[in-house]
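Visitor: Residue 272 in UniProt numbering sits at position 272 of the sequence shown; the count goes up by one each step and never skips.
A virtual CB, placed ideally from N, CA and C, is assigned to each residue, including glycine.
Have a look at this one.
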Amino acid sequence: MPKTLSSLLEDSAATYPERVAVVLGDLRLTYAQINGAANQVANLLVARGIQPGDKVALSCPNLPYFPIVYYGILKAGATVVPLNILLKGREVAYHLDDSDAKAYFCFQGTPELPIGAEGWAGFNEIPGCEHFFVITVDPAAASPIEGAETLGAGMAGQPGTFESVAVDEDDTAVILYTSGTTGRPKGAELRHRNMRDNALIGTDLFQADAERPDTFLCVLPLFHSFGQTVIQNGAFAFGGTVVLLPRFEAKPALALMQKEDVTFFAGVPTMYWGLLGALDDSVDVAKIARNLRVAAAGGSALPVEVHRDFEKRFGVTILEGYGLSETSPVASFSHFGEPARPGSIGTPIPGVQMTLLQPGTWDEIEWTPDAVGEIAIKGHNIMKGYYQRPEATEEAIRDGWFRSGDLARRDADGWYYIVDRSKDMIIRGGFNVYPREIEEVLMTHPDVSLAAVIGVPHESHGEEIKAFIIPVEGATTTEEQLVAWAKEQMAAYKYPRIVQFVDALPMTATGKILKRELS
Numbered sequence: 001m002p003k004t005l006s007s008l009l010e011d012s013a014a015t016y017p018e019r020v021a022v023v024l025g026d027l028r029l030t031y032a033q034i035n036g037a038a039n040q041v042a043n044l045l046v047a048r049g050i051q052p053g054d055k056v057a058l059s060c061p062n063l064p065y066f067p068i069v070y071y072g073i074l075k076a077g078a079t080v081v082p083l084n085i086l087l088k089g090r091e092v093a094y095h096l097d098d099s100d101a102k103a104y105f106c107f108q109g110t111p112e113l114p115i116g117a118e119g120w121a122g123f124n125e126i127p128g129c130e131h132f133f134v135i136t137v138d139p140a141a142a143s144p145i146e147g148a149e150t151l152g153a154g155m156a157g158q159p160g161t162f163e164s165v166a167v168d169e170d171d172t173a174v175i176l177y178t179s180g181t182t183g184r185p186k187g188a189e190l191r192h193r194n195m196r197d198n199a200l201i202g203t204d205l206f207q208a209d210a211e212r213p214d215t216f217l218c219v220l221p222l223f224h225s226f227g228q229t230v231i232q233n234g235a236f237a238f239g240g241t242v243v244l245l246p247r248f249e250a251k252p253a254l255a256l257m258q259k260e261d262v263t264f265f266a267g268v269p270t271m272y273w274g275l276l277g278a279l280d281d282s283v284d285v286a287k288i289a290r291n292l293r294v295a296a297a298g299g300s301a302l303p304v305e306v307h308r309d310f311e312k313r314f315g316v317t318i319l320e321g322y323g324l325s326e327t328s329p330v331a332s333f334s335h336f337g338e339p340a341r342p343g344s345i346g347t348p349i350p351g352v353q354m355t356l357l358q359p360g361t362w363d364e365i366e367w368t369p370d371a372v373g374e375i376a377i378k379g380h381n382i383m384k385g386y387y388q389r390p391e392a393t394e395e396a397i398r399d400g401w402f403r404s405g406d407l408a409r410r411d412a413d414g415w416y417y418i419v420d421r422s423k424d425m426i427i428r429g430g431f432n433v434y435p436r437e438i439e440e441v442l443m444t445h446p447d448v449s450l451a452a453v454i455g456v457p458h459e460s461h462g463e464e465i466k467a468f469i470i471p472v473e474g475a476t477t478t479e480e481q482l483v484a485w486a487k488e489q490m491a492a493y494k495y496p497r498i499v500q501f502v503d504a505l506p507m508t509a510t511g512k513i514l515k516r517e518l519s
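Structure follows, in structure tokens:
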């Protein structure tokens, strides 16, 4: 078994050097080319004094530079700190400071998304971060930021060979920052074996086979744990090809699925919703369906109606999974080749255990089919802890068990069903209301395309239920009529008294609906 995370690339480069590893538009890079460029990055870091265990940050969209720099950092024995490309300068500074980053690779960005300018501003606030490399579209181009060195200049003249620094599988490979929805972002320290084993689990989850490599469409941002493990590391572990799309748009994604004969697609629920909404006569659904072998979903709950519609159109059962940054991320998955159980996140992956606790405690619930508890996870995927936050780590992990903050139920076969985030639960008049349940019902209405439900303050009930609705094109149902319809479908304490039609919903960079921005 490969010992470190970087060996996923190194082993595939040694076995399949001429196999295409990464595709971006007309650019095709082989495993030998990606590995050689990563070696140059490792040589650059060592030349600049980066030591094993040092932290090195990376801000880059879905471009070939991401895996090149990512694996180069690992080869040098350092720890990768991937950053969200939407961070502003002040936020970049916080992450660099909190992670003790010694170096920072940052893509130049665009006028619309000035990643480089924000990164440079944040870097200059942190004296302890000593090296800044701006990643330019053209490696030979001059630096677009005055005073900043380009990655191209840094790599120039560096050897394309490198003997990877020996590290232990329990050393920290990656620090992934949580979204910060419940406070300032915390860095989850993930060992080499955490990330390695989570990537290699593709054999069990998806019947991955290096002799029949998959072609992955990468629309999930690589700085996020889902895209990093399931797409990038999962593909490299089995000699697959990663087709990059820097920003998810449904039409270009469908076009790439046709052009590149994509066999593996993974996305968050809003991406599946977007693909279905973009189907028209220009899309060869039959061709996509012939090639598509695996469709995986995670990040948030997949609406049952979206699940059923996608399977009907493409003939592929979406495999729902579940995980968090703190679990590398995959903790459970549906079973490849088995009938769908819409709404379920499957069973724990091999080597991982899950159970349900009384929310806010470490006490297991007494199981019944309807009992709801907080998911706790134990296994090879659990992080070391939160970087330099022993109290937060102690609160989250006990005896190897990690408390997720997500509420679920479990059926008699051991399959789990997410009910909601504990923090998203609405308490109306003393009754617990789970937004996901309301959203599922609303999406069965023919005029509802997408729904997001939140609780809003109410004088007598404590909270009232409000639904934000993206209607289907040409919908005629009014907000008042939808409230009346919902009243007929749900118990009196559940149905939304307030409905607001919207053109779009706020989303994170990973495509999750950002409920905290709704009111």
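#1: Could you compute how far the alpha carbon of residue 23 sits from the alpha carbon of residue 259?
#2: So, with DSSP's three-state summary, where would you put residue 528?
#3: Can you tell me which residues form a DSSP beta bridge with residue 445?
#4: At 4 residues or longer, and completely inside the segment 41–100: list those alpha helix (DSSP H) runs for me, N to C.
#5: If I follow the unbroken alpha helix (DSSP H) through residue 520, where does it start and stop?
#6: Measuring only the C-alpha atoms, how far is residue 275 from residue 394?
#7: Runs of 4 residues minimum, wholly inside the segment 140–226: which ones carry the alpha helix (DSSP H) assignment?
#8: Mark residue 387 as exposed unless 16 or more other C-beta atoms lie within 10 angstroms of its C-beta, in which case mark it buried.
#9: Any contact of the segment 205–218 with the segment 332–343, i.e. 3+ C-beta pairs under 8 Å?
#10: For residue 341, does the three-state DSSP call read helix, strand or coil?
#11: For a minimum of 4 consecutive residues, which ranges assigned as the alpha helix (DSSP H) are wholly contained in the segment 285–312?
#12: Over what stretch of residues does the beta strand (DSSP E) that includes residue 420 continue unbroken?
#13: Roughly how far, in whole angstroms, is the beta-carbon of residue 188 from the beta-carbon of residue 175, given that I think they are within contact range, below 8 Å?
#14: Alpha carbon to alpha carbon, what distance is there between residue 59 and residue 33?
#15: Who are the near neighbours of residue 414 in its chain, counting only those whose CB is closer than 6 Å to its CB and skipping five residues on each side?
#16: Do residue 217 and residue 227 have their CB atoms nearer than 8 Å?
#17: In the DSSP assignment, what are the bridge partners of residue 367?
#18: Does the Cβ of residue 423 have 16 or more other Cβ atoms within 10 Å, making it buried, or fewer, making it exposed?
#19: If you follow the beta strand (DSSP E) that residue 463 is part of, which residue opens it and which one closes it?
#20: What do you reckon, is the C-beta of residue 63 under 7 Å from a heavy atom of the ligand NAP?
#21: Would the beta-carbon of residue 452 fall within 8 Å of that of residue 518?
#22: Would you call the CB atoms of residue 521 and residue 223 closer than 8 Å?
#23: By Cβ distance, which residues of its chain are closer than 7 Å to residue 392, with the 5 residues on each side in sequence left out?
#24: Bridge partners of residue 487, per DSSP?
#25: Which one or two residues does DSSP pair with residue 432 in a beta bridge?
#26: Taking 8 Å as the cut-off, decide whether the C-beta atoms of residue 331 and residue 317 are in contact.
#27: Go through its chain and collect everything with a Cβ distance to residue 181's Cβ below 6 Å, but skip five positions before and after it.
#28: DSSP state of residue 459, grouped into three classes?
#29: Buried or exposed for residue 108, going by 16 or more other Cβ atoms inside 10 Å?
#30: Just grab the DSSP bridge partners of residue 406 for me.
#31: What do you get for residue 4, buried or exposed, if any count of 16 or more other CB atoms within 10 angstroms of its CB means buried?
#32: Give a yes or no on whether the C-beta atoms belonging to residue 102 and residue 268 are separated by under 8 Å.
#33: Suppose contacts are defined by Cβ-Cβ distances below 8 Å. Is residue 225 in contact with residue 6 by that definition?
#34: To the nearest angstrom, report how far apart residue 510 and residue 328 are at their CA atoms.
#35: Use the C-beta contact count for residue 502: other C-beta atoms within 10 angstroms, 16 or more gives buried, fewer gives exposed.
#36: Note down the Cα distance separating residue 16 from residue 313, rounded to an integer number of angstroms.
Guide: Inspection of the coordinates gives the following:
#1: Rounded to whole angstroms, residue 23 to residue 259 spans 12 Å at the Cα level.
#2: This structure cannot settle anything about residue 528, because the visible part of the chain is limited to 1 through 519.
#3: When beta bridges are read from the DSSP output, residue 445 appears opposite no residue.
#4: Runs found: 65–75 and 89–99.
#5: There is simply no residue 520 to check, as the chain begins at 1 and stops at 519 in what is shown.
#6: Roughly 41 Å separates the two Cα atoms.
#7: Counting only runs of 4 or more, we get 151–155, 192–200 and 202–206.
#8: Within a 10 Å sphere around the beta-carbon of residue 387 sit 16 or more other beta-carbons, which makes this residue buried.
#9: Between the segment 205–218 and the segment 332–343, the count of C-beta pairs closer than 8 Å reaches three or more; the two stretches touch.
#10: When secondary structure is reduced to three states using DSSP, residue 341 falls in the coil class, being assigned neither helix nor strand.
#11: Within the segment 285–312, the complete alpha helix (DSSP H) runs of at least 4 residues fall at 285–291.
#12: In the DSSP assignment, residue 420 falls within the beta strand (DSSP E) that extends over 416–421.
#13: Under the criterion of beta carbons closer than 8 Å, residue 188 and residue 175 qualify as touching, at roughly 7 Å.
#14: Straight-line Cα distance between these residues: approximately 21 Å.
#15: In its chain, beyond the 5 residues on either side, 347 have a beta carbon closer than 6 Å to the beta carbon of residue 414.
#16: Their beta carbons are not under 8 Å apart, which means residue 217 does not touch residue 227 by this criterion.
#17: In the DSSP output, where bridge partners are listed per residue, residue 367 has none listed.
#18: By the neighbour-count rule (16 or more Cβ atoms within 10 Å), residue 423 is not buried but exposed.
#19: Looking at the DSSP string, the run of the beta strand (DSSP E) that includes residue 463 is 462–471.
#20: What this structure holds is no ligand at all, so the ligand NAP is not there to describe.
#21: With contacts defined by Cβ atoms closer than 8 Å, residue 452 and residue 518 form a contacting pair.
#22: Given that the chain is displayed from residue 1 to residue 519, the structure contains no residue 521 and the question cannot be resolved.
#23: Closer than 7 Å at Cβ, skipping near neighbours: 186 and 386.
#24: Residue 487 is not bridged to any residue.
#25: Residue 432 is bridged by DSSP to 427.
#26: No. Outside cutoff.
#27: In this prediction, residue 181 scores a pLDDT of 44, lower than 50, which makes its location untrustworthy; the coordinate-derived value is nonetheless stated afterwards. Take residue 181, set aside five residues on each side of it, and no residue of its chain has a beta-carbon closer than 6 Å to its own.
#28: In the structure shown, residue 459 sits in coil (DSSP, three-state: anything other than H, G, I, E or B).
#29: By the neighbour-count definition (other C-beta atoms within 10 Å, threshold 16), residue 108 is a buried residue.
#30: Bridge partners of residue 406: 421.
#31: Counting Cβ neighbours within 10 Å, residue 4 comes out buried, since at least 16 surround it.
#32: Taking 8 Å as the Cβ cut-off, residue 102 and residue 268 do not qualify as a contacting pair.
#33: Contact flag unset, no.
#34: One C-alpha to the other measures close to 16 Å.
#35: By the 16-neighbour rule on beta-carbons within 10 angstroms, residue 502 is exposed.
#36: The alpha-carbon atoms of residue 16 and residue 313 are separated by roughly 35 Å.
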